[in-house]
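Report on the structure given below.
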């Protein structure tokens, strides 16, 4: 089958370990010894460098490493009108991290494009390295505005009716996607923790305690995401990554995909799924039986959490096991690590050299299974 534009047999979720130059520049701003202009200069240099390294190590879906963010979601969502970030100190959990929370304090709006300038810079960096790759834009899923706080985090005066809230949330995403498309973007990935969290028994219980209806919530989220991407042109492809938590090599949620599988594969109108499958926490591959024949799954069977290389033979065997269940076998599958290497500014517990060694192994495995052309 033909892969969607922007998806490759050896792919990745998006974030890479932040270089010391960016960490130092960010700390200087926090300490009032520098300014945002200087931070931007440091980020620009680091983004150009990481784009070059992605290409040199065999990737063809190129991101900015999320170097301009401290959190994968907050740094984007805070630019929407009507949203505030509360609780600046994240909470450490036994297996992971709970970041600051969002509050909807007024009507949602999209006063200006959020990612366009970053997209244009990265697009040029790729061209400066000879092109031949896709500029991938990663943004948080719209569900991130609702799940953790639910009704209580949404101002009752601004939104007495939650249906209006979801309509406005979809609209601001439509506007951002339109801005990106007009700038030239052709692949956008939505990073979503919440459909994955709805696979976790403890998370499901917490959602019930917030008076969420677990029988309808996955469908409501699918409807929200579908509305958010409903006005995209046909040549703007959308992927979604289901994240189970990724903070300093720790995870946050577990449980197989079965509770959301049918909604995920049959009702969500995306082109590609980036799914975590790096260990037993994610369950077996049986949910892939619901995968429509025209869609692809990028299987995160490799681990960005460990500093050691995955076992090549084991990864190939797991991909073959998944292919036995996917309707069109290996043709519908691609390979990646389960998540990024640095979903927050701190990063996972490995070095940059170890990170790139992992990427090279992934590319090697993908070429062995699918051939030299990773776009086919």
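Residue numbers (my numbering): 1 to 376. For every residue, glycine included, the Cβ atom is placed at its ideal position computed from N, Cα and C.
Give me the Cα-Cα distance between residue i and residue j, rounded to the nearest whole angstrom.
{"i": "residue 192", "j": "residue 140", "result": "6 Å"}
{"i": "residue 367", "j": "residue 271", "result": "22 Å"}
{"i": "residue 356", "j": "residue 202", "result": "35 Å"}
{"i": "residue 11", "j": "residue 32", "result": "38 Å"}
{"i": "residue 291", "j": "residue 224", "result": "20 Å"}
{"i": "residue 307", "j": "residue 110", "result": "40 Å"}
{"i": "residue 381", "j": "residue 281", "result": "A query on residue 381 cannot be resolved here, the shown segment of the chain reaching from 1 to 376 and no further."}
{"i": "residue 71", "j": "residue 344", "result": "5 Å"}
{"i": "residue 172", "j": "residue 222", "result": "17 Å"}
{"i": "residue 106", "j": "residue 371", "result": "51 Å"}
{"i": "residue 51", "j": "residue 211", "result": "44 Å"}
{"i": "residue 338", "j": "residue 112", "result": "32 Å"}
{"i": "residue 169", "j": "residue 346", "result": "29 Å"}
{"i": "residue 219", "j": "residue 34", "result": "46 Å"}
{"i": "residue 166", "j": "residue 314", "result": "43 Å"}
{"i": "residue 310", "j": "residue 62", "result": "22 Å"}
{"i": "residue 305", "j": "residue 299", "result": "15 Å"}
{"i": "residue 121", "j": "residue 243", "result": "27 Å"}
{"i": "residue 227", "j": "residue 178", "result": "13 Å"}
{"i": "residue 142", "j": "residue 205", "result": "22 Å"}
{"i": "residue 42", "j": "residue 76", "result": "19 Å"}
{"i": "residue 81", "j": "residue 17", "result": "30 Å"}
{"i": "residue 303", "j": "residue 279", "result": "8 Å"}
{"i": "residue 125", "j": "residue 44", "result": "9 Å"}
{"i": "residue 156", "j": "residue 260", "result": "29 Å"}
{"i": "residue 92", "j": "residue 301", "result": "Reliability of the predicted coordinates at residue 92 is poor, the pLDDT of 40 falling under 50, and no value is obtained from them."}
{"i": "residue 340", "j": "residue 151", "result": "30 Å"}
{"i": "residue 40", "j": "residue 116", "result": "15 Å"}
{"i": "residue 351", "j": "residue 335", "result": "22 Å"}
{"i": "residue 216", "j": "residue 262", "result": "13 Å"}
{"i": "residue 342", "j": "residue 21", "result": "15 Å"}
{"i": "residue 158", "j": "residue 146", "result": "15 Å"}
Which same chain residues, not among the five before or five after residue i, have their C-beta less than 7 Å away from its C-beta?
{"i": "residue 288", "result": "297, 322, 325 and 326"}
{"i": "residue 79", "result": "114"}
{"i": "residue 208", "result": "214"}
{"i": "residue 320", "result": "none"}
{"i": "residue 369", "result": "316, 319 and 330"}
Short of 8 Å in beta carbon distance, which residues of its chain neighbour residue i, apart from the five on each side in sequence? Order them along the chain.
{"i": "residue 312", "result": "361, 364 and 365"}
{"i": "residue 38", "result": "25, 28 and 29"}
{"i": "residue 258", "result": "199, 283, 286 and 287"}
{"i": "residue 189", "result": "13, 14, 136, 137, 138, 139, 238, 239, 240, 241 and 274"}
{"i": "residue 59", "result": "8, 10, 11, 12, 133, 359 and 363"}
{"i": "residue 49", "result": "19"}
Apply the 10 Å Cβ neighbour rule to residue i and answer buried if 16 or more other Cβ atoms are within range, or exposed otherwise.
{"i": "residue 359", "result": "buried"}
{"i": "residue 374", "result": "buried"}
{"i": "residue 46", "result": "buried"}
{"i": "residue 162", "result": "exposed"}
{"i": "residue 348", "result": "buried"}
{"i": "residue 233", "result": "exposed"}
{"i": "residue 5", "result": "exposed"}
{"i": "residue 382", "result": "Since the first residue shown for the chain is 1 and the last is 376, residue 382 is missing from the structure and cannot be characterised."}
{"i": "residue 66", "result": "buried"}
{"i": "residue 36", "result": "exposed"}
{"i": "residue 64", "result": "buried"}
{"i": "residue 230", "result": "exposed"}
{"i": "residue 353", "result": "exposed"}
{"i": "residue 123", "result": "buried"}
{"i": "residue 69", "result": "buried"}
{"i": "residue 377", "result": "Only positions 1 to 376 of the chain appear in this structure, which leaves residue 377 out of reach."}
{"i": "residue 160", "result": "exposed"}
{"i": "residue 318", "result": "buried"}
{"i": "residue 329", "result": "exposed"}
{"i": "residue 276", "result": "buried"}
{"i": "residue 194", "result": "buried"}
{"i": "residue 164", "result": "exposed"}
Here's a check: name, in chain order, each residue in its chain whose Cβ is nearer than 6 Å to the Cβ of residue i, leaving out the five neighbours to either side.
{"i": "residue 103", "result": "84, 86 and 153"}
{"i": "residue 376", "result": "none"}
{"i": "residue 1", "result": "331"}
{"i": "residue 267", "result": "222"}
{"i": "residue 265", "result": "290 and 291"}
{"i": "residue 144", "result": "73"}
{"i": "residue 94", "result": "Interpretation of residue 94 is limited by its pLDDT of 44, a score under 50 that renders its predicted location unreliable; no figure is taken from the coordinates."}
Exercise for the section: Evaluate contact between the region 125-137 and the region 178-186, counting only Cβ atoms and requiring at least three cross-stretch pairs below 8 Å. Expected result: Enough Cβ pairs lie closer than 8 Å, so yes.
Exercise for the section: Go through the region 269-326 residue by residue and report every complete run of the beta strand (DSSP E) that reaches 3 residues or more, in order. Expected result: Counting whole runs of 3 or more residues, the region 269-326 contains the beta strand (DSSP E) stretches 272-276 and 296-302.
Exercise for the section: Answer yes if the region 110-130 comes into contact with the region 50-60, meaning at least three C-beta pairs across the two stretches below 8 Å, and no otherwise. Expected result: Output reads yes: the region 110-130 touches the region 50-60.
Handout entry: Length at least 3, wholly inside the region 24-92: the beta strand (DSSP E) runs in chain order
Key = Runs of the beta strand (DSSP E) inside the region 24-92: 81-86.
Problem - Runs of beta strand (DSSP E) wholly within the region 169-209 (minimum 3 residues, chain order) - result: If we require 3 residues or more, the beta strand (DSSP E) runs fully inside the region 169-209 come out as 187-192.
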